[in-house]
Amino acid sequence: MRKGLLSLVTVAAMAMGSTVGFAEDKAYTVGVSIPAADHGWTSGVVFHANRVAESLMAQHPGLNIIVKTSPDAASQANALQDLETQGIDALVILPSDPDPLVNSIKEIKSKGTFVAIVDRAPSVNDDSVRDLYIAGNNYALGETAGNYIKTTTPDAEVVVIRGLPIPIDQTRQDGFDKAIEGSNVKVLDRQFGNWNRDDAFKVMQDYLTKFPKIDVVWCQDDDMAVGVLQAIEQAGRTDIQYVVAGAGSKDMIKKVMDGDKMIPVDVLYPPAMVGTALEMTVAGLYAQVPMRGTFTVDATLITKDNAAQYYFPDSPF
Amino acid sequence: MAANVTTEDQAEPKRRWQDIDLRAVAPFVALALLLLLGALVNPNFIGLNNLANVATRSAFIALIAVGATFVISSGDLDLSVGSMVAFVASLMILFMNSGAIADPGMMIAAAIVLALVVGALCGLANGLITTVGKIEPFIATLGTMGIYRGLTTWLSQGGAITLQSAEQQDLYRPAYFGVILGVPVPIIVVLVVTCIAAFILYRMRYGRHVVAVGSNAHVARYSGIKVDRVRTWAFVIQGVCVAIAVVLYVPRLGSTSATTGILWELQAITAVVIGGTALKGGASRVWGTICGAFILELVGNIMLLSNFISEYLIGAIQGAIIIIAMLVQRSLVRKS
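So, in structure tokens, the structure goes:
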């Protein structure tokens, strides 16, 4: 439905661009290619891509932004071709799997199109593939969580729930380990919760059986925190002081805003970074400012004071 | 279990009595060995609290697998159950959020009825596509698996669907977390549902028809059994079992997402097979099925409670334990 609405807006913008806009505003077309919403985080990406596209098109009457979602790398390659045929001046892409898409991206770039890659970088990530790289910071996500735990509870005994055994997860663990290195914070156990609520619930239940005293849970991800909180509540255990999750889903940020004792903070890994890329790309087109390079989005610590800034009640995530 | 022995006993020659008996007992032997292993790994394991947790957690797969026992013993297969859990749960929560009924108690009751009806309809769709459409059940339910999953993703826009009203949540919570006479509610539900399923399978004409269709559909047809009707009803029973699992699932986290129930179909099928039901149909052991579901959950629990197994190896060891459990069963059967 949202997509339908957007294409309507697109048509309207195009009509305006050809009549009114022509005189006062340059006409540009920007293609946005992102993964389809198949879990919480990607649904946030789709939401923010559309949100920022609408706001940018309202600002620039000559601007046309086409947002395309694709369920996998193969169909994303097709979507790139479709975008190219429609004639785009710039491309913003969050690749579902970067390496298989490198050639399609290079093909578009070779036509002189400005290319911005978001979050997932190919193995060769230099200016032969893209002009702008907007990176999330997985290392800092772990580091920020580790630092917070170290400062707030210096002698904490922590259980860790990991995601899936893939590089992103390992990078986050490395950041966490680096942060607590040399401190009194002790990791009791690490197990995989598959970034899934139900699995996190099970892992947490077993942790509660295994360890008579747990101070802090670091579960890295807001979805998993839902299961963790439920398991703690069911066991009626009062020794757990708080849970540190991450990503920035509206449910967890709401808890931080409301001053929930179990979720005092959240660590940001924002799906809205696709909006950062889109804003910078469009600014490059219209303002003639240099936008080539790499921009790393911080893993900001969300506290009660700044939570409102990251809260999107209308987002599905 | 006893019921299953007597019914099959009537049809088979006396010589094979022991054979059947052992095959039905085998999953419970495997379970006993696992309990022993768990007790050695961690003293907390054998605590009543832990075992109750694990049994309660296995309730979803157990309930789905009870339905799968019907479908599999009639010679079919249902791959859509995991997606169906997500779909039915999403509709149920959306209905509860709609505020169509003011009284929260009435609302929950209506939502449960809605879930059961939707589950039955989803099962009916699977059954009709398979029998009237004459499509292989593997392909038919692979298709509906995509449909139910896709509809869930669409309903949630890829995000989560969460129960809004705190009042409803508090009222509904005991359905998963509650305890009656010291026994968690989900365990009671599983036992009641399995009793009913055992009665249908071993004491009613329909149950014998299911097994007859599963062993040989042609012979069953010539014996005057309405084969397609038997198979379709098995899918409907599967749908209702999924809905019962959903009714217990929703109060646990009060929310669903596009990843709810992923790969549950494989767990359910594994539970059925560990329980001693033949994957090619023609034999049904519903008590073995819930034992199988418990074994699956127990294996993960033992791994997590152990201090010496790397978290990277858990999948491999889970797989190995399942195979060993099956081998133990086989060797018991061969000895007889």
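Going line by line, the protein sequences match chains A and B.
Offset between the first sequence (1-based) and my numbering: plus 176.
Offset between the second sequence (1-based) and my numbering: plus 89.
We put the beta carbon where it would ideally sit given N, CA and C, even for glycine.
Look at B:Phe266 here: in three-state DSSP terms it is helix.
Closest option to B:Ile182, judged by alpha-carbon separation, among B:Val170, B:Leu168, B:Asp167, B:Ala199: B:Ala199.
When only Cα atoms are considered, A:Ile293 and B:Gly350 end up about 32 Å apart. Around the beta-carbon of A:Cys395, 16 or more other beta-carbon atoms lie within 10 Å, marking it buried. A:Asp273 and A:Arg468 do not touch by the CB rule: their CB atoms are close to 24 Å apart, not below 8 Å. Collapsing the DSSP output to three states places B:Pro340 in a helix. Scanning the region 199-237 of chain A for uninterrupted beta strand (DSSP E) segments of 3 residues or longer gives 204-211, listed from N- to C-terminal end.
Look at A:Val361: its C-beta is not under 9 Å from any C-beta on chain B.
Counting other Cβ atoms within 10 Å of its Cβ, A:Thr320 reaches 16 or more and is therefore classed as buried. When DSSP states are grouped into helix, strand and coil, A:Val392 belongs to the strand group. If you draw a straight line from the Cα of B:Ala141 to the Cα of A:Thr476, it comes to about 40 Å.
Here A:Asp434 is exposed, its C-beta having fewer than 16 other C-beta atoms within 10 Å. Taking each of A:Val450, A:Gln349, A:Pro489 in turn and checking the Cα distance to A:Val222, the smallest one comes out for A:Val450. In the pairwise beta carbon analysis, the region 386-404 of chain A is classified as touching the region 413-433 of chain A: at least three pairs are separated by under 8 Å. DSSP places A:Lys282 outside any beta strand (DSSP E); the residue lies instead in the alpha helix (DSSP H), whose first and last residues are 274-285. A distance below 6 Å between beta-carbons, with the five flanking residues on each side excluded, links A:Val404 to the following residues of its chain, in chain order: Ala376, Met380, Val393, Cys395, Val419. Straight-line measurement puts the Cα of B:Ala409 at about 25 Å from the Cα of B:Gly136.
One alpha carbon belongs to B:Ser344, the other to B:Ala249, and they sit about 7 Å apart. A Cβ-Cβ separation of about 6 Å places B:Leu368 in contact with B:Val362 under the 8 Å criterion. Comparing alpha-carbon positions, the option among A:Val268, A:Ser231, A:Gln257, A:Asp331 lying closest to A:Ser359 turns out to be A:Asp331.
The residue from A:Gly318, A:Val473, A:Pro440, A:Gly207 with its alpha-carbon nearest to that of A:Lys354 is A:Gly318. A:Arg366 belongs to the set of residues whose beta carbon lies under 9 Å from a beta carbon in chain B. Using a CB distance below 8 Å, no part of the region 248-262 of chain A faces chain B. Secondary structure at A:Gln406: helix, using DSSP grouped into helix, strand and coil. DSSP places B:Val206 inside the alpha helix (DSSP H), whose first and last residues are 193-220. Residue nearest to B:Leu387 within the set B:Ala148, B:Ala306, B:Asp317, B:Arg341 is B:Ala148 (criterion: CA-CA distance).
In this chain, the alpha helix (DSSP H) harbouring B:Arg146 covers 137-146. Contact between the region 323-330 of chain B and the region 158-178 of chain B is present: 3 or more CB-CB pairs across the two stretches fall below 8 Å. Excluding its 5 nearest sequence neighbours in each direction, A:Ile344 has C-beta neighbours in its own chain below 7 Å: Asn314, listed in chain order. Neighbourhood of A:Phe377 in chain B, by CB distance below 9 Å: Arg146, Arg341, Leu342, in chain order.
Taking 3 residues as the shortest admissible run, the region 408-452 of chain A contains the following complete beta strand (DSSP E) segments, listed from N- to C-terminal end: 418-423, 442-444. The region 285-321 of chain A is shown to contain whole beta strand (DSSP E) runs of 3 or more residues at 290-294, 308-311, in chain order. By alpha-carbon distance to A:Ala407, the top candidate from A:Pro388, A:Lys437, A:Asp374, A:Gly351 is A:Asp374. In terms of beta-carbon proximity, A:Val419 stays away from the interface with chain B, with every pair separated by 9 Å or more.
Between the alpha carbons of A:Tyr324 and A:Glu409 lies a gap of roughly 23 Å. Runs of alpha helix (DSSP H) with 4 or more residues, each lying fully within the region 341-402 of chain A, are found at 343-356, 373-386, listed in chain order.
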